[in-house]
Amino acid sequence: MSKGLVAATPGGPEVLSWEDVETPAPGEGEVAVRHTAIGVNFIDVYFRSGLYPWPEATMIPGAEAAGVVEAVGPGVADFAPGDRVAYVARHGAYRERRTIAARHLVKLPDAISDVVAASVMLKGLTAQYLVTSSYPVRAGDTVLVHAASGGVGLLLGQWLKAIGATAIGTAGTAQKVELARRHGYDHVINYRERDFAAAVREITNGKGCAAVYDSVGNDTWRGSLQSLKRFGMFVNFGQSSGMIQGFALSDLAAGSLSANRPMLFDYIAERTDLERRCADLFGRLAAGDVRADTISCRPLRDAAAAHADLEARRTVGATVLIP
Numbered sequence: 005m006s007k008g009l010v011a012a013t014p015g016g017p018e019v020l021s022w023e024d025v026e027t028p029a030p031g032e033g034e035v036a037v038r039h040t041a042i043g044v045n046f047i048d049v050y051f052r053s054g055l056y057p058w059p060e061a062t063m064i065p066g067a068e069a070a071g072v073v074e075a076v077g078p079g080v081a082d083f084a085p086g087d088r089v090a091y092v093a094r095h096g097a098y099r100e101r102r103t104i105a106a107r108h109l110v111k112l113p114d115a116i117s118d119v120v121a122a123s124v125m126l127k128g129l130t131a132q133y134l135v136t137s138s139y140p141v142r143a144g145d146t147v148l149v150h151a152a153s154g155g156v157g158l159l160l161g162q163w164l165k166a167i168g169a170t171a172i173g174t175a176g177t178a179q180k181v182e183l184a185r186r187h188g189y190d191h192v193i194n195y196r197e198r199d200f201a202a203a204v205r206e207i208t209n210g211k212g213c214a215a216v217y218d219s220v221g222n223d224t225w226r227g228s229l230q231s232l233k234r235f236g237m238f239v240n241f242g243q244s245s246g247m248i249q250g251f252a253l254s255d256l257a258a259g260s261l262s263a264n265r266p267m268l269f270d271y272i273a274e275r276t277d278l279e280r281r282c283a284d285l286f287g288r289l290a291a292g293d294v295r296a297d298t299i300s301c302r303p304l305r306d307a308a309a310a311h312a313d314l315e316a317r318r319t320v321g322a323t324v325l326i327p
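Once you know that position 291 of the sequence shown is 295 in the working numbering, the rest is easy, because the numbers rise by one and skip nothing.
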C-alpha cells in the first residue's frame with residue numbers, strides 16, 4: 005500500500021489528508037508508475053476547492069508527474085519496467101504510485117530530469133499550444149502575458165523571445181518583475197504600481213498587442229481587452245483571481261477583437277498531438293531556447309502548504325512535490 009493526498013470534501017488546503025491509497029495492478033493498456041516528482045498547478049486548486057466537478061466521491065489532485073515504470077499490463081508494447089516517463093492528466097497525481105493508461109505517458113529524453121519534466125508537462129505544454137495554436141505568434145508580434153513570473157509565464161517569456169516576438173509581462177512585486185526580465189520579457193509592468201493597460205498603450209505607442217495570454221481572469225480581463233490592437237486575440241486560459249464576471253460578446257466590438265478559452269486537454273486529446281507537442285517542448289528545453297530553471301521542491305506531504313502559497317501568490321516559477 006502506498007500513500008497519497010486525498011480530499012473527502014471540497015474546501016481549502018486543509019482538506020488534503022495523507023492516507024493509504026490502493027494502486028491496482030495494471031490492466032489492459034495500463035502502466036504502473038512510481039512517481040519521482042509531481043507538479044503543482046492551479047488546476048489542482050480548482051479541483052480541490054470544488055470549482056471543477058469531481059468524477060468520484062473523493063479527490064486526489066495533481067495534473068503532472070514524472071516517474072519510473074514498475075509494471076505494464078497486457079497490450080502495452082511501447083513501455084517497459086525501468087523506463088523514465090512523464091504525463092499530464094486532469095487529476096490523480098498526488099500519490100507515491102499510480103496505475104494509468106499508457107496513452108497518457110511519454111518517455112523522457114536523457115536531457116530532461118524528472119523534476120524538470122514534472123514542472124513542464126502541464127505548464128510547458130500549455131505554453132506550447134498558446135503560442136502555436138491559440139494565437140500563432142509570428143516574429144514581430146507584440147504579446148502581453150499576465151503572471152509573467154509564474155510557471156507558465158516564465159516559459160512563455162522565453163518562448164516568445166525565441167520566436168522573435170516582443171513580450172510584455174505583468175507581475176506584482178519588484179522581485180517578480182526582475183525574474184520575468186531575466187526570462188525573455190522586453191518589458192515588465194508592476195501592476196500594483198501602474199495601470200497595466202495604460203502602460204501597454206505607452207509601450208506600444210498606442211497600437212496595442214496582437215494577443216494577450218491571461219491566466220488571471222476576473223481581475224484582468226477588462227484591461228486585457230483594452231491592451232489589444234485591432235483584430236487582436238484575447239486568450240483566457242485560467243482564473244487565478246476568480247471566474248470572469250460580466251463579460252459580454254459586445255465587449256469585443258471595440259477593435260473587432262477575438263477571444264477564446266482553451267483547455268490543454270483538447271490540444272493533446274489525440275496521441276499524435278501529445279507526441280508532437282512534447283517533441284517541440286523537449287526539443288526547445290534541450291536546445292536551451294527555453295529553461296525551466298525556477299523550481300521549488302517540497303515533500304509531497306507538504307502539498308497543502310504549497311496550495312496555500314500558490315493561492316496567496318507567494319510563489320514564483322514552478323513548485324514540484326517529491327514523494
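No residue lacks a Cβ here, since even glycine has one placed at the ideal position from N, Cα and C.
The model shown is predicted, which means the values in this text are computed figures rather than measured ones.
When secondary structure is reduced to three states using DSSP, Lys127 falls in the helix class. DSSP places Thr62 in no beta strand (DSSP E); its state is neither H nor E. Between the stretch 233–248 and the stretch 178–195 there are fewer than three inter-stretch CB-CB distances shorter than 8 Å, so the stretches are not counted as touching. Contact annotation, Gly144 with Gln162: C-beta distance approximately 18 Å; criterion of less than 8 Å not satisfied.
Within the stretch 231–294, the complete alpha helix (DSSP H) segments at least 4 residues long are 268–271 and 275–291, listed from N- to C-terminus. In the three-state reduction of the DSSP assignment, Leu160 falls in the helix class, which pools H, G and I. Counting only runs of 3 or more residues that sit fully inside the stretch 74–121, the beta strand (DSSP E) segments are 88–92, 101–105 and 109–111, in chain order. The beta carbons of Val72 and Val35 sit about 10 Å from each other, so the pair does not count as a contact at 8 Å. Assignment of Asp313 by DSSP, reduced to helix, strand and coil, places it in the helix class. Look at the beta carbons and you see the stretch 268–284 not touching the stretch 293–311: under three pairs across the two are nearer than 8 Å. Counting the other CB atoms within 10 Å of its CB gives Gly287 a total below 16, which places it among the exposed residues. Around the beta carbon of Leu253, a 10 Å sphere encloses fewer than 16 other beta carbons of the protein chains shown; the residue is thus reported as exposed.
Under the DSSP definition of a beta bridge, Ser21 partners with Val10. Taking all protein chains in view, the Cβ of Gly33 is surrounded by fewer than 16 other Cβ atoms within 10 Å, so the residue is classified as exposed. With a cutoff of 8 Å on beta-carbon distance, Ile248 and Asn222 are scored as near each other. For Leu148, the enclosing beta strand (DSSP E) begins and ends at Thr146 to Val149. Where Ser300 is concerned, the enclosing beta strand (DSSP E) starts and stops at Ile299 to Pro303. The beta carbon of Cys301 sits closer than 6 Å to those of Val324 and Ile326, all from its chain and outside the five residues before and after it, given in chain order. The stretch 12–32 and the stretch 40–47 do not touch, with fewer than three beta-carbon pairs separated by less than 8 Å. Distance check between Ser6 and each of Arg102, Val135 and Val119 places Arg102 closest, using alpha-carbon atoms only. Exposed is the label assigned to Glu279, since fewer than 16 other Cβ atoms lie within 10 Å of its Cβ. By the criterion of a C-beta distance shorter than 6 Å, Ala12 is surrounded in its chain by Thr62, once the five residues flanking it on both sides are discounted. Rounded to the nearest angstrom, the gap between the Cα atoms of Ala202 and Leu164 is 22 Å. Comparing alpha carbon positions, the residue from Gly246, Asp24, Arg265 and Val220 closest to Met237 is Arg265. In the same chain as Tyr98, and ignoring 5 residues on each side of it, the C-beta atoms closer than 8 Å to its own belong to Gly8, Leu9, Leu20, Ile42, Asp48, Ile64, Pro65, Gly66, Leu304, Ala307 and Leu325, in chain order. In this structure Val156 is in contact with Ala131, their Cβ atoms being roughly 6 Å apart against a cut-off of 8 Å.
Per DSSP, His187 has no beta-bridge partner at all.
By DSSP's assignment, Glu34 forms a beta bridge with Ala105. For Ala201, the enclosing alpha helix (DSSP H) starts and ends at Phe200 to Ile207. Per DSSP, Val216 lies in no alpha helix (DSSP H); the unbroken beta strand (DSSP E) holding it starts and ends at Cys213 to Asp218. Under the criterion of beta carbons closer than 8 Å, Ala171 and Val147 qualify as touching, at roughly 6 Å. Beta-bridge partners of Glu68 (DSSP): Val92.
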